[in-house]
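The structure appears below as structure tokens.
2 protein chains.
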Amino acid sequence: MEKKPDHCRVEDALGILVGKWKPVILLYLLQEGTKRFSELKRNMPGITQKMLTKQLRELEEEDIIERVVYPQVPPKVEYSMTEYGRSLEPILEAMHEWGTRHTEHKMKKQIQVKSSS
Amino acid sequence: MEKKPDHCRVEDALGILVGKWKPVILLYLLQEGTKRFSELKRNMPGITQKMLTKQLRELEEEDIIERVVYPQVPPKVEYSMTEYGRSLEPILEAMHEWGTRHTEHKMKKQIQVKSSS
DNA sequence: CGGAATCCACGCCGATACTG
DNA sequence: CAGTATCGGCGTGGATTCCG
């Protein structure tokens, strides 16, 4: 297969993942399966309803997650990864691993800085 | 190997890649090897010197790229991926591929929207 | 040539209040 | 319970100017 990154599609993938809470949301839904709005909120200390709603809507818009509304009182809304959304999993795992190694890398660097001062 | 993404390192990796021109810069350096500042600038229509400098500095700070200054007039500065930086390549490629498929996915969706209106 | 410095528009995100 | 609406700070990125 030819490699022609003239048109860089990395940004398309990046655009989906970027958003302060998106990686956490995706990782959570991938692990836990279907979750209600309140469960998501409870699991992410510090997030506001507005932000959670916004990030979920954006992911839904890209067909990464699915939103199911149960017409009842009180309301119940469930979110889950779509089949298509799961195709992001390898990328997320790769980034998680790389990020872990990078954290170690930066710690080593810190030590070098200290010992040379 | 246990999976414990309690502490999500995805964001660490994401932080490196995020920046309007970083993916392009990285892909370019990965393909072309060492490049001068002016070559980078020429290859990225629309970028300003300020932004190019800033993105390069940030990548250098994370040890992803290396910056070599030749003390001469006129100045000459070369940039290249570090060995460490190359470890990002598989992730970038995965994102590029995913992004390509995602673009197709969105096009299909557009067609559906049109035909249902 | 490869910057640094300044000014500014815009969008992300947080805090808060209100609603069916 | 699961949102919507509004206000505002702050950071990112663009345009422009000056420098060794």
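Just so you know, the sequences run in chain order A and B. Residue numbering for the first sequence follows UniProt numbering, beginning at 1 and increasing consecutively. Residue numbering for the second sequence follows UniProt numbering, beginning at 1 and increasing consecutively. By construction, the Cβ of each residue, glycine as well, lies at the ideal position given by its N, Cα and C atoms.
- [ ] Classify A:Ile-47 as helix, strand or coil using the three-state DSSP reduction.
- [x] coil
- [ ] Inspect the CB distances between the stretch 89 to 104 of chain A and the stretch 10 to 25 of chain B and report whether three or more fall short of 8 angstroms.
- [x] yes
- [ ] For B:Val-18, go through chain A and note every residue whose CB falls closer than 8 angstroms to its CB, in chain order.
- [x] Leu-14, Val-18
TODO: Can you have a look at A:Met-95 and say buried or exposed, based on whether 16 or more other CB atoms are within 10 angstroms of its CB?
DONE: buried
Task: Interface flag, A:Val-24 vs chain B, CB-CB below 8 angstroms - done: yes
Open item on the list: Could you tell me the alpha carbon to alpha carbon distance between B:Thr-103 and B:Ser-115, rounded to whole angstroms?
Closed with: 19 angstroms
Open item on the list: Could you check whether B:Gly-33 and B:Gln-55 sit closer than 8 angstroms to each other, using their CB atoms as the reference points?
Closed with: no
TODO: State buried or exposed for B:Ile-91, treating a residue as buried only when at least 16 other CB atoms are found within 10 Å of its CB.
DONE: buried
Task: Cβ pair B:Ile-64, B:Thr-53 closer than 8 angstroms - done: no
- [ ] State buried or exposed for A:Lys-50, treating a residue as buried only when at least 16 other CB atoms are found within 10 Å of its CB.
- [x] exposed
Open item on the list: So, at 8 angstroms on beta carbons, what are the nonlocal neighbours of B:Val-77 in its own chain, with the 5 sequence-adjacent residues on each side left out?
Closed with: Arg-36, Phe-37, Arg-67, Val-68, Val-69, Tyr-70
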